[in-house]
Each structure stands twice: as structure tokens, then as C-alpha cells.
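Chemist:
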Ligand code: NI
């Protein structure tokens, strides 16, 4: 059986209870167990093979469990670990689960069964039962990472799904990679991948291929590389030669001329990491965190000649968690964005897309991060500085000055103003007013900022308390210019 992968609406439906164990349900259970083994999974739920029934199979090495209408009757303890899913090949999500669960279900003879599970089996059961409610690991992910899809899953017994569109993909950095993989997985024919030229990067300034080029080579796809002038002069012809139905553009990094926008039969669509029209521009993820928003998302637009101004084809909101950095939010948005692009292609392929113009409302813009955005201004409120630090993690990092050298701030916490050293210390913004859990607390324009993880110039990252001890920081020492 073919395992449905993300973007498939079957994964999002709440599955119907099984009223009676029939011969066809038994056949389904056996086929699912076989599929799970072929894909080398530890569990599979019926919605993953497109069947809306409350049936799961689980085998974590202690034997095969086939559970009809499973429910969790008790759950306690907690475990946090990385978890994969056959419907999300190449993805790991860090998910918190109960450590122990009691599951009630019926077996294939219609008899009630009870299962007490702990650890990994408990995790697998919770994961599969989630599938029955249309809940997937991305919904529970605290963090995500992409891995090489398991070779076994790659050669899974796919019923070849019809190649629906001839897609050219244009993208450059890591953000674009999940979308490229998802389009290929969804059965479209990726006729070629357009990316920027290799550029010097890293310590040795050696020439590095863009992340999209690496992914395209792994997928065995033809790659065309070009910068601004090649794009202007030659790309439209390349797209025509590829007989392109549609081009999907994700963080390509080069402005496309009108001839390129018109070259594919259905034009070009773009995935943008914000809820347009908010945060048009180069740094939507960082700006949304800096501005203190609780919600952001992704938008797919039909591209026109303006910057991120085209008609909206699809939008999806996701919450910004209080501990999100630009890095964690980037990873979630890139995966959610991949799903939304695949769904949009499905709508376009079947003529059901309904483009709507962007609202004309005045919206914040997402200018690229400039050098002055990285500098900590201690006269601003601690809450604002904490957001600045999260928005610039993992790149390029917010910084201040410490004993004449640059000090990067990687993890900070805005403390309550009334917790600040009451002893009549100098509360000049930028001055160290005490410690919290050994880490230095610095006065700001409003409240204190606890420095949890920092990096002095030329040194590795260290905890705030190592900074205090290693540099013998005393109360009253000033940070900043
Ligand atoms: Ni799964």
C-alpha cells in the first residue's frame, strides 16, 4: 500500500470508529502490517493509507499489536524525544509524550484488549492514535530537523501517482529544501531546479553549493545555476525548453523579470514566510519575532512584478512560541510551507485555485537585518531586548560591548523589574545589578535582562555564570559602548 505523505488531506481527517470487525477490515490490518514492515516503520494508522477508520498497527520489536478503536484511558509521566513518521519522510520532530499509557481497544476477533505501555511503545501508541484524530507530529513539534529520508522508505512499494504538473523549482537556502522534496514526493514531475551560483562561505571561504543544489543532486534532478544577469538573459528560455507548467519559487534570492514570470503555462508561485501582506521583504521571520507577534505563518502567492504583492492562493497561520528563535521558527515554517505549496499545486492542477488580492491594509515590512539591528541598546525594555536576541539566533547574533570587545548574547531572559537588586545599586541601563541562578542580571530601560548564554569575542559560547566567574564580574560593571 502507498503511505500518504504530508499535504494529503487524508492525514488531517478524524477517522470514523469501526462498528464491526469485518473480513475486509482484517485484510486491511494485514496489509497495513505488511506495509509498515516494508517501510521499516514501527507503527501505521489507517488514515496514512487513505482509510478513514480507527485502526492502528504497532510493532516496536515486542510483537505486532493490531488495535481497533484504540483509546488512551490513562496517561502519566512525560518523555521528550525525537520522533519520525512514515508520512513525513526525512523529518524528525521533538515531541513531548506521556511516559506511560493504558490503551483500551478491540482485537481482530472483536474482543476487548488492554495494553499497558511504557517508554517507546507508549510513544508509538500515542503517535498512531494521534493519526486517528488527524493530528501529526508537526502539530506537537517543539523543534524539527530534517534527515536523509530512509532509503527503505524511498523504495517503498509506491503505486506510482500520476505526474500531474511539470514543475520547475527555484530556491537557494535550506528554507526551500522541504518544499522541493515535498513536490517531488507528491508525484509532480520536477523538470529542473534553478538556484544561485556556488558562493564562498565558511572559514576557508571555499566555494559552497546552495542547500537546494545539494538536495536537487540527491534527488537526481537537473540543476541550472545563475545570478542576476543570467536570470535576466537566459532563464525564460530555460523554462520554455523544460516545457514548464508552473514554477515554484522559495527564497530564490533573485528578482524575476516579467519574461520569466510569464514563461511557465501557469506562471510562477512563491512561498513567503509571513502572513502577507504583513512582512513583505527579506527578513520576515526575524522581524515577526522582534516585533513581538504571537502568530505568523506562510503565504503562497501567484507572483507578479511587485515585491511579494501577488494574489494569495493559500495561507496558513502558526503560533510563535515564547521560546522560539528565528532558527526554530524557520524550521517549522519551512515544513508547514512545504505542505501548503503541495496543497496549492493540487488546487492549481485541478483548476480549483481561487486567487484573492492581498488586502490593502498598511502592514509592517520585513527589511533585511542591518548591522545596527544587531546592537543591544540597554535603554530599551528588557522584553524587547529578549525578542531581539531570539530573532537574531542562530544568525547573526545580537551583541553588546564588554571590556572593549564584542559580547554576543545567545540566550537571555527578561526578568521582572521588581526582582532587580533592591539594594540601591546603580540602575543605569547596561550595568550589572546582580545574578540570577549565577547568571548576570543587567539593568535595562525597563526591567532586568538575565544573560543565560553568551560568547565573548574569540571564545566559545559559555553560560552566564561562567562569564561572571571567569571574568570576575562585579556588580556595577557596565556593558555597552
Ligand atoms: Ni506517523
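Residue numbers (the numbering used here): 22 to 502.
For glycine and all other residues, C-beta sits at the position ideal for the given N, C-alpha and C.
For the ligand NI, is there any heavy atom lying closer than 7 Å to the beta carbon of residue 45?
Modeler: Locating residue 45 in the chain shown gives position 24, where the first residue counts as 1. Because no heavy atom of the ligand NI lies under 7 Å away, the Cβ of residue 45 does not count as near it: no.
Chemist: Looking at the structure shown, is residue 209 part of a helix, part of a strand, or coil, going by DSSP?
Modeler: Within the chain shown, residue 209 is the residue found at index 188, counting from 1. It is coil, neither helix nor strand.
Chemist: At which residue ranges does the segment 203 to 276 contain complete beta strand (DSSP E) runs of 3 or more residues, listed in the order of the chain?
Modeler: 210 to 216, 220 to 222, 227 to 229, 244 to 246 and 267 to 271
Chemist: Do you know whose CA, among 112, 495 and 418, lies nearest residue 477's CA?
Modeler: As a position in the chain shown, residue 477 is number 456, starting the count at 1. Nearest of 112, 495 and 418 to residue 477, Cα basis: 418.
Chemist: With H, G and I counted as helix, E and B as strand and the rest as coil, what does DSSP make of residue 314?
Modeler: Here the question's residue 314 lines up with position 293 in the chain shown. If DSSP states are grouped into helix, strand and coil, residue 314 belongs with coil.
Chemist: Can you round the beta-carbon distance between residue 260 and residue 281 to whole angstroms, since I take them to be within the 8 Å contact cut?
Modeler: Position 239 of the chain shown, counted from the start, is the residue given in the question as residue 260. Position 260 of the chain shown, counted from the start, is the residue given in the question as residue 281. Rounded, the Cβ-Cβ distance is 7 Å, consistent with contact.
Chemist: Can you give the Cα-Cα distance for residue 486 and residue 427, rounded to whole angstroms?
Modeler: Translated into positions along the chain shown, residue 486 becomes position 465. Translated into positions along the chain shown, residue 427 becomes position 406. Roughly 18 Å between the two C-alpha positions.
Chemist: Using CA atoms only, rank isn't needed, just tell me which of 62, 77, 97 and 84 is closest to residue 91.
Modeler: Locating residue 91 in the chain shown gives position 70, where the first residue counts as 1. Among 62, 77, 97 and 84, the Cα nearest to that of residue 91 belongs to 77.
Chemist: Taking just the CA atoms, how far does residue 287 sit from residue 252?
Modeler: Indexing the chain shown from 1 puts residue 252 at position 231. Indexing the chain shown from 1 puts residue 287 at position 266. Rounded to whole angstroms, residue 252 to residue 287 spans 19 Å at the Cα level.
Chemist: Looking at residue 166: is its Cβ nearer than 8 Å to the Cβ of residue 113?
Modeler: Taking the first residue of the chain shown as 1, we reach residue 166 at position 145. Taking the first residue of the chain shown as 1, we reach residue 113 at position 92. Yes, the Cβ-Cβ distance between residue 166 and residue 113 is below 8 Å.
Chemist: Kindly examine the ligand NI and report whether one of its heavy atoms sits closer than 7 Å to the Cβ of residue 148.
Modeler: Counting from one through the chain shown, the residue named residue 148 turns up at place 127. Residue 148: yes, Cβ under 7 Å from the ligand NI.
Chemist: Given 8 Å as the limit, is there contact between the segment 363 to 374 and the segment 330 to 347, that is, 3 or more CB pairs closer than that?
Modeler: yes
Chemist: When every heavy atom of the ligand NI is checked, does at least one fall within less than 7 Å of the C-beta of residue 86?
Modeler: Position 65 of the chain shown, counted from the start, is the residue given in the question as residue 86. Residue 86: no, Cβ never under 7 Å from the ligand NI.
Chemist: Near residue 246, which residues of its chain fall below 6 Å by C-beta distance, leaving aside the five closest residues on each side in sequence?
Modeler: As a position in the chain shown, residue 246 is number 225, starting the count at 1. Excluding residues within five positions, the ones whose Cβ falls inside 6 Å are 216 and 218.
Chemist: Is it right to say residue 75 is buried, meaning 16 or more other beta carbons lie within 10 angstroms of its own, or is it exposed?
Modeler: Taking the chain shown and counting its residues from 1, one reaches residue 75 at position 54. Buried, since its Cβ has 16 or more Cβ neighbours within 10 Å.
Chemist: Please state if the CB of residue 299 and the CB of residue 385 are separated by a distance shorter than 8 Å.
Modeler: Taking the first residue of the chain shown as position 1, residue 385 is located at position 364. Taking the first residue of the chain shown as position 1, residue 299 is located at position 278. Yes, Cβ-Cβ distance for residue 385 and residue 299 is below 8 Å.
Chemist: Apply the 10 Å Cβ neighbour rule to residue 153 and answer buried if 16 or more other Cβ atoms are within range, or exposed otherwise.
Modeler: Counting from one through the chain shown, the residue named residue 153 turns up at place 132. With 16 or more other Cβ atoms within 10 Å, it is buried.
Chemist: For the alpha helix (DSSP H) containing residue 123, list its first residue and its last residue.
Modeler: As a first step, residue 123 must be located in the chain shown, where it is residue number 102. No alpha helix (DSSP H) holds residue 123; the beta strand (DSSP E) holding it covers 121 to 127.
Chemist: Output the distance between the C-alpha atoms of residue 488 and residue 482, rounded to the nearest integer angstrom.
Modeler: Walking along the chain shown from the start, residue 488 turns up at place 467. Walking along the chain shown from the start, residue 482 turns up at place 461. Each residue's Cα considered, the two are about 10 Å apart.
Chemist: Look up residue 463 in the DSSP assignment and say whether it is helix, strand or coil.
Modeler: Walking along the chain shown from the start, residue 463 turns up at place 442. Note: residue 463 maps to strand in three-state DSSP.
Chemist: Using 10 angstroms around the beta-carbon of residue 35, count the other beta-carbons present and answer buried if the total reaches 16, otherwise exposed.
Modeler: Working through the chain shown from its first residue, we reach residue 35 at position 14. With fewer than 16 other Cβ atoms within 10 Å, it is exposed.
Chemist: Where does residue 352 land, buried or exposed, given buried means 16+ other C-beta within 10 angstroms?
Modeler: Locating residue 352 in the chain shown gives position 331, where the first residue counts as 1. So residue 352 counts as buried.
Chemist: For residue 434, which residues in the same chain have their Cβ closer than 7 Å to its Cβ, ignoring the five residues on either side in sequence?
Modeler: As a first step, residue 434 is located in the chain shown; it is residue number 413 there, counting from the start. Around residue 434: 407, 471 and 473.
Chemist: Distance, Cα to Cα, residue 226 vs residue 207?
Modeler: Numbered from its first residue, the chain shown carries residue 226 at position 205. Numbered from its first residue, the chain shown carries residue 207 at position 186. Those two C-alpha atoms are separated by around 37 Å.
Chemist: Can you tell me the Cα-Cα spacing of residue 171 and residue 59, whole angstroms?
Modeler: Reading the chain shown from its first residue, position 150 is the one you call residue 171. Reading the chain shown from its first residue, position 38 is the one you call residue 59. Residue placement at residue 171 is poorly supported in this model, since its pLDDT is 43, which falls under 50; the coordinates still yield a value, given next. So the alpha carbons of these two residues sit roughly 12 Å apart.
Chemist: Can you tell me which of the three DSSP states residue 495 falls into?
Modeler: Sequence index remark: in the chain shown, residue 495 carries index 474 (1-based). It is coil, neither helix nor strand.
Chemist: If you check the beta carbons only, do residue 402 and residue 467 fall under 8 Å apart?
Modeler: Along the chain shown, read from residue 1 onward, the residue named residue 402 stands at position 381. Along the chain shown, read from residue 1 onward, the residue named residue 467 stands at position 446. With contacts defined as CB atoms closer than 8 Å, residue 402 and residue 467 qualify as a contacting pair.
Chemist: Count the other CB atoms, across all protein chains shown, that sit within 10 Å of the CB of residue 399; report buried if there are 16 or more and exposed otherwise.
Modeler: On the chain shown, position 378 is the one that residue 399 refers to. When all chains shown are included, residue 399 counts as buried.
Chemist: What would DSSP say about residue 45, mapped onto helix, strand or coil?
Modeler: Taking the chain shown and counting its residues from 1, one reaches residue 45 at position 24. If DSSP states are grouped into helix, strand and coil, residue 45 belongs with the helices.
Chemist: Kindly examine the ligand NI and report whether one of its heavy atoms sits closer than 7 Å to the Cβ of residue 293.
Modeler: By one-based count along the chain shown, residue 293 stands at place 272. The answer is no for residue 293.
Chemist: Does the separation of the CB atoms of residue 27 and residue 203 fall below 8 Å?
Modeler: In the chain shown, the residue the question calls residue 27 occupies position 6. In the chain shown, the residue the question calls residue 203 occupies position 182. Yes. Within cutoff.
Chemist: Could you please give me the residues that DSSP links to residue 336 through a beta bridge?
Modeler: On the chain shown, residue 336 is found 315 positions in, with the first residue counted as 1. Its beta-bridge partners are 320.
Chemist: Less than 8 Å between C-beta atoms, sequence neighbours within five positions excluded: which residues of the same chain meet that for residue 404?
Modeler: For the purposes of this step, residue 404 is taken as residue 383 along the chain shown, with counting starting at 1. For residue 404, where only same-chain residues beyond five positions count, the Cβ hits under 8 Å are 313, 435, 467 and 468.
Chemist: Which residue from 291, 200, 494 and 345 puts its Cα closest to that of residue 355?
Modeler: Start at 1 with the first residue of the chain shown, and residue 355 comes out as number 334. For residue 355, the nearest C-alpha among the options comes from 200.
Chemist: Within 10 Å of its beta-carbon, does residue 291 have 16 or more other beta-carbons around it, so buried, or fewer, so exposed?
Modeler: In the chain shown, the residue the question calls residue 291 occupies position 270. Answer is buried; the Cβ neighbour count reaches 16.
Chemist: Residue 250 to residue 285, Cα distance in whole Å?
Modeler: By one-based count along the chain shown, residue 250 stands at place 229. By one-based count along the chain shown, residue 285 stands at place 264. So the two alpha carbons sit approximately 20 Å from each other.
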